[in-house]
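Asks:
2 protein chains.
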Amino acid sequence: MDNFIYNLPTKVYFGPDQLQHLGEEAAKYGKNVLFCYGGGSIKKNGLYDKAMASLNEAGLHVTELSGIEPNPKIESVYKGAELCKENHIDCVVAVGGGSVIDCAKIIAAAACVDFDPWEFFSKKTPIEKALPVIDVLTLAATGTEMDDCAVISNPETVDKMGAASPALIPKVSFMDPAVTFSVPAYQTAAGSADILNHIMEDYFAPRPNLFMLDRFMEGLMQTVIRYAPIAMEDPENYEARANLMWASSWAINGFNRGANPKVWSMHPIEHQLTANYGITHGHGLAIVTPRYLQYVRNEKTMPRLVEFGVWVWGIDPALSDDEIVDQAIAKTENFLFDQLKLTDNLKGFGVSEDRFDAMAEKACKKGIIHGFFDLGKEDIKAIYQACMQPHA
Amino acid sequence: MDNFIYNLPTKVYFGPDQLQHLGEEAAKYGKNVLFCYGGGSIKKNGLYDKAMASLNEAGLHVTELSGIEPNPKIESVYKGAELCKENHIDCVVAVGGGSVIDCAKIIAAAACVDFDPWEFFSKKTPIEKALPVIDVLTLAATGTEMDDCAVISNPETVDKMGAASPALIPKVSFMDPAVTFSVPAYQTAAGSADILNHIMEDYFAPRPNLFMLDRFMEGLMQTVIRYAPIAMEDPENYEARANLMWASSWAINGFNRGANPKVWSMHPIEHQLTANYGITHGHGLAIVTPRYLQYVRNEKTMPRLVEFGVWVWGIDPALSDDEIVDQAIAKTENFLFDQLKLTDNLKGFGVSEDRFDAMAEKACKKGIIHGFFDLGKEDIKAIYQACMQPHA
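In order, the protein sequences belong to chains C and H.
Under this note's numbering, the first residue of the first sequence is numbered 1, with each subsequent residue one higher.
Under this note's numbering, the first residue of the second sequence is numbered 1, with each subsequent residue one higher.
What follows is the structure, encoded as structure tokens:
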């Protein structure tokens, strides 16, 4: 086991009616705030007014950037960075889901450099610093509210790429599960599939992890499996929304990884689906996940797949390994496609196979994704192909 | 479910050979360091030299305070605070187990006030600020390396009391499981009983907790149950030491509590045992724990005790509630007394019943400890009495 550094300083205000602290938290960094959001939903649900009231009460000067799109584009980053520079912004406040917060994080970094911020992605230029980011989360899904990553799309190059840096970790997150009461069933499902997949990316790691972290990840997966269907059926169930929201942060904030390297296998496969066909990220992951599990099963990966079946799905350990893994994959499919009601294959999205070659090449960056199972271009292509057929 | 604020900014260097970062971390706060430790063991195992080398390399001026005792006394706090004031200390570095770190935390607070720091305990004077504390942990037990508490004894008043404040949370903790290879079996056992009890104090809470946190706490308890005996048998087992060490921090850093109030029931009962008879804290907790579980079982507490039996101990949920709880308590006793080899009753320590009345009165502060089960003086006395008999 290697060393690791645990450093996760995000302060979280969890629960309803805490937004009055937004102003005092933002004021710690200066007078000028960039206020980022997406469409008009935060004006309808009252979040805009509450956040503004708190910022105004703290005497802050607010510049607005609205219209940040789902799967945020680099154009929005350019716009935001310009506003930061023009208005001497001290702190970026993001009110929204993963897209708005991701965009705000990269705006915060772009405000500190003179070059094209797309280079953070295209050239992997390290993000050395960023303006402080404070977010008000409106969707339990990406975990960006407590992690060091952001994903941005570039329509010109048909790319969707991620960047990571400790400088991107939000200083403060406001997480009110009641805000997500209005999240529609489809988005709740896609977000939950995203959370589940984040946990699985770390759970299916190349090396054994700390026992205590394995058990934590299994508990988190069970949390998503238990509460996502409840939140879809009964959207104002606070217990369900609270468990999903807090799980979304702990699924991906780095705690689960322990001393393991960060290896993402399913995410790069999915990113090509969103970039090429605009498929909702979590839904794309739902389609990829069981096909990945099926494709990677071999002698070396079997023990971990069995653990997944026994500890997460409660499958009888007395069964044969093959039976356990068959059942585990079937239960995963049942959860994602039957309980979460997500379309189970790519044909349903009008996808044809003609781009799979190029997509697979991009997903593995013309090399190998070393991880739980080493994935080359042909492996990824085969997984895309398996995603075309309905599940059993 | 109430709101809560999660704010746990401790940076952790986990694993061997990270102590070279001590100097750079301490230097963030200024030039003058108070270096606190206990007996001479850190000189024998090389930690003293490594820590000093890193502090010297960073050009820091170091003042030493050695001889901090187990169950640290307020006298050591007076001494340390004086050294801080005389030497314009900017940062307190503690190398040791819970006692040294607790003492360093209160020294760091005492250095910032002009009154007698015993008032933090006797008068509950709030701790508003403290010098930054950095620790190098040598024993997995109290969790003080990542929490906001410290416990100090006052031999004059026969008191052992705790204080808590966000100002006491260490800035940085160095946690090297290999350092604990030399911890003897008895201390490993007592430390593990302490960790287990910390988790149970939050698990047996007055209100339902978040499902995801329940599952995490059960995973943590299973971690202690699995690895404590391994660490006793095979002291240089890194996997066991690493799981115990990281579990010790997460047992008590506040994450598990969620929106529940902090209620400690078994700790105040035990503190009287240490204060009156010098019983090792974790050993005292081991003796109290199963008697507490037995004493508090009633209709209201039963569902949670059953959950404890099924999820932590894997007891068949088809059994009757009474059978499940009987088995859960028996398994807890077997773990603490047979596997950890801890003496199972107070008579073995020469304790007689004559002080139980006064001890019980002190434990509940002449009132009621409201919690999972409301404990008054007579309840606590009955628990002490049950601790006199060997377990079944």
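The beta carbon of each residue, even a glycine, is placed where N, CA and C say it ideally should be.
Because the structure is a prediction, the values reported are computed rather than measured.
Going along chain C in order, which residues have a C-beta closer than 8 Å to the C-beta of N3 of chain H?
Replies: The residue given as residue 3 of chain H occupies position 3 in the second sequence. Within 8 Å Cβ-Cβ: Y13, F14, G15, P16, D17 and Q18.
Asks: Quick check: K347 of chain C and A360 of chain C, are their CB atoms within less than 7 Å of each other?
Replies: Sequence index remark: in the first sequence, residue 347 of chain C carries index 347 (1-based). Sequence index remark: in the first sequence, residue 360 of chain C carries index 360 (1-based). Not in contact: K347 of chain C and A360 of chain C (Cβ atoms no closer than 7 Å).
Asks: Give, in chain order, every residue of the region 207 to 226 of chain H whose Cβ lies closer than 7 Å to some Cβ of chain C.
Replies: Residues L210, F211, M212, R215, F216, G219, L220, Q222, T223 and R226.
Asks: According to DSSP, what are the bridge partners of T301 of chain C?
Replies: In the first sequence, counting from the first residue as 1, residue 301 of chain C sits at position 301. Paired residue(s): none; T301 of chain C is not in a bridge.
Asks: Give me the chain C residues within the contact set of W118 of chain H, using Cβ-Cβ distance strictly less than 9 Å, ordered along the chain.
Replies: Working through the second sequence from its first residue, we reach residue 118 of chain H at position 118. W118 of chain H does not reach chain C, its nearest Cβ partner there being about 31 Å away, counting only Cβ pairs nearer than 9 Å.
Asks: Any C-beta of chain C sitting closer than 7 Å to the C-beta of N243 of chain H?
Replies: Locating residue 243 of chain H in the second sequence gives position 243, counting from the first residue. Interface residue (Cβ-Cβ distance to chain C less than 7 Å): N243 of chain H is classified as such.
Asks: Could you tell me whether the region 245 to 262 of chain C touches the region 170 to 177 of chain C, using the rule of 3 or more Cβ pairs below 8 Å?
Replies: yes
Asks: Suppose the cutoff is 6 Å on Cβ atoms and the five residues either side in sequence are ignored; what does the same chain contact list for K105 of chain C look like?
Replies: As a first step, residue 105 of chain C is located in the first sequence; it is residue number 105 there, counting from the start. Correct list, in chain order: V133, A150 and L168.
Asks: Within this structure, are the beta carbons of A110 of chain C and L131 of chain C separated by less than 7 Å?
Replies: Residue numbering aside, residue 110 of chain C sits at position 110 when the first sequence is read from its first letter. Residue numbering aside, residue 131 of chain C sits at position 131 when the first sequence is read from its first letter. No, Cβ-Cβ distance for A110 of chain C and L131 of chain C is not below 7 Å.
Asks: So E333 of chain H is in the alpha helix (DSSP H); what residue range does that whole segment cover?
Replies: Taking the second sequence and counting its residues from 1, one reaches residue 333 of chain H at position 333. Its alpha helix (DSSP H) spans residues D321 to E333.
Asks: Note down the Cα distance separating F204 of chain C from E299 of chain C, rounded to an integer number of angstroms.
Replies: Locating residue 204 of chain C in the first sequence gives position 204, where the first residue counts as 1. Locating residue 299 of chain C in the first sequence gives position 299, where the first residue counts as 1. Approximately 14 Å, taken between the alpha carbons.
Asks: Mind the definition here: the region 285 to 301 of chain H touches the region 229 to 238 of chain H only if three or more C-beta pairs lie below 8 Å; say whether that holds.
Replies: no
Asks: Going by DSSP in three states, G162 of chain H sits in which element: helix, strand or coil?
Replies: The residue given as residue 162 of chain H occupies position 162 in the second sequence. G162 of chain H: strand per DSSP, three-state reduction.
Asks: If N71 of chain H and F14 of chain C are in contact, beta carbons under 8 Å, what's the gap, nearest whole angstrom?
Replies: Taking the first residue of the second sequence as position 1, residue 71 of chain H is located at position 71. Taking the first residue of the first sequence as position 1, residue 14 of chain C is located at position 14. So it is not a contact: roughly 35 Å between Cβ atoms.
Asks: Under a CB-based cut-off of 7 Å, is P303 of chain C close to chain H?
Replies: Residue numbering aside, residue 303 of chain C sits at position 303 when the first sequence is read from its first letter. Not closer than 7 Å to any Cβ of chain H, the Cβ of P303 of chain C fails to qualify, so no.
Asks: CB A286 of chain C to CB K160 of chain C, shorter than 7 Å?
Replies: Along the first sequence, read from residue 1 onward, the residue named residue 286 of chain C stands at position 286. Along the first sequence, read from residue 1 onward, the residue named residue 160 of chain C stands at position 160. Not in contact: A286 of chain C and K160 of chain C (Cβ atoms no closer than 7 Å).
Asks: Below 6 Å CB to CB, which residues in the same chain sit around A190 of chain H once its five sequence neighbours on both sides are set aside?
Replies: Position 190 of the second sequence, counting from 1, holds the residue named residue 190 of chain H. Excluding positions up to five away in sequence, the list reads T280, G282 and H283.
Asks: Would DSSP call T63 of chain H helix, strand or coil?
Replies: Mapped onto the second sequence, residue 63 of chain H falls at position 63. DSSP places T63 of chain H in strand when its eight states are reduced to three.
Asks: Can you tell me which residues form a DSSP beta bridge with C36 of chain H?
Replies: In the second sequence, counting from the first residue as 1, residue 36 of chain H sits at position 36. Answer by DSSP bridge pairing, in chain order: H:L65 and H:A94.
Asks: Once DSSP output is grouped into helix, strand and coil, what is the label at F211 of chain H?
Replies: As a first step, residue 211 of chain H is located in the second sequence; it is residue number 211 there, counting from the start. Here F211 of chain H sits in helix by DSSP.
Asks: Between the region 341 to 357 of chain H and the region 310 to 325 of chain H, can you find at least three pairs of beta-carbon atoms closer than 8 Å?
Replies: Contact fails: fewer than three Cβ-Cβ distances are below 8 Å.
Asks: Between C:I74, C:G80, C:A81 and C:L340, which has its C-alpha nearest F121 of chain C's C-alpha?
Replies: For the purposes of this step, residue 121 of chain C is taken as residue 121 along the first sequence, with counting starting at 1. Comparing Cα positions, the closest option is C:I74.
Asks: Compute the Euclidean distance between the alpha carbons of V62 of chain H and V136 of chain H, then round it to the nearest angstrom.
Replies: Locating residue 62 of chain H in the second sequence gives position 62, where the first residue counts as 1. Locating residue 136 of chain H in the second sequence gives position 136, where the first residue counts as 1. Inter-residue distance for V62 of chain H and V136 of chain H is about 16 Å (C-alpha atoms, whole angstroms).
Asks: Compare the Cα-Cα distances from D102 of chain H to each of H:K43, H:K124, H:H88 and H:G38 and report the closest residue.
Replies: Taking the first residue of the second sequence as position 1, residue 102 of chain H is located at position 102. It is H:G38.
Asks: Note down, in chain order, every chain C residue with its Cβ under 7 Å from the Cβ of N45 of chain H.
Replies: The count along the second sequence starts at 1 and reaches residue 45 of chain H at position 45. Result: empty, since nearest Cβ-Cβ is about 19 Å, beyond 7 Å.
Asks: Between E333 of chain H and T289 of chain H, what straight-line distance do the alpha-carbon atoms span, to the nearest angstrom?
Replies: The count along the second sequence starts at 1 and reaches residue 333 of chain H at position 333. The count along the second sequence starts at 1 and reaches residue 289 of chain H at position 289. Approximately 9 Å between the Cα atoms of the pair.
Asks: Measure the alpha-carbon distance for A58 of chain C versus Q385 of chain H and round it to whole angstroms.
Replies: On the first sequence, position 58 is the one that residue 58 of chain C refers to. On the second sequence, position 385 is the one that residue 385 of chain H refers to. Between A58 of chain C and Q385 of chain H, the C-alpha separation is close to 57 Å.
Asks: When the Cα atoms are used, what is the spatial distance from I152 of chain H to F373 of chain H?
Replies: Counting from one through the second sequence, the residue named residue 152 of chain H turns up at place 152. Counting from one through the second sequence, the residue named residue 373 of chain H turns up at place 373. If you take the alpha carbons of I152 of chain H and F373 of chain H, they lie about 27 Å apart.
Asks: Counting contacts by CB-CB distance shorter than 7 Å, is P9 of chain C in contact with chain H?
Replies: As a working mapping, residue 9 of chain C is identified with position 9 in the first sequence. With 7 Å as the cut-off, P9 of chain C counts as an interface residue toward chain H.
Asks: Please report the distance separating the alpha-carbon of V306 of chain C from that of M146 of chain H.
Replies: On the first sequence, residue 306 of chain C is found 306 positions in, with the first residue counted as 1. On the second sequence, residue 146 of chain H is found 146 positions in, with the first residue counted as 1. Distance between the alpha carbons of V306 of chain C and M146 of chain H is about 34 Å.
Asks: Would you mind listing the alpha helix (DSSP H) stretches within the region 249 to 309 of chain C that are 4+ residues and don't spill past its ends, in chain order?
Replies: 266 to 277, 281 to 296 and 302 to 307
Asks: With DSSP as the reference, label N29 of chain C as helix, strand or coil.
Replies: Looking up residue 29 of chain C in the first sequence gives position 29. In the sequence under discussion, the amino acid at residue 29 of chain C is Tyr, which differs from the Asn named in the question. Taken through DSSP and simplified to helix, strand or coil, Y29 of chain C comes out as coil.
Asks: Nearest by alpha-carbon distance to G394 of chain H: which of H:P9, H:V92 and H:T188 is it?
Replies: In the structure displayed, chain H extends from 1 to 392; residue 394 of chain H sits before or after that span and is not available.
Asks: What is the DSSP secondary structure of D135 of chain H, reduced to helix, strand or coil?
Replies: Here the question's residue 135 of chain H lines up with position 135 in the second sequence. Correct three-state label for D135 of chain H: strand.
Asks: CA-CA distance, V113 of chain C and I89 of chain C?
Replies: Numbered from its first residue, the first sequence carries residue 113 of chain C at position 113. Numbered from its first residue, the first sequence carries residue 89 of chain C at position 89. Distance between the alpha carbons of V113 of chain C and I89 of chain C: 14 Å.
Asks: Quick check: what's the CA-CA separation for D326 of chain H versus V33 of chain C?
Replies: As a position in the second sequence, residue 326 of chain H is number 326, starting the count at 1. As a position in the first sequence, residue 33 of chain C is number 33, starting the count at 1. Their Cα atoms are separated by approximately 59 Å.
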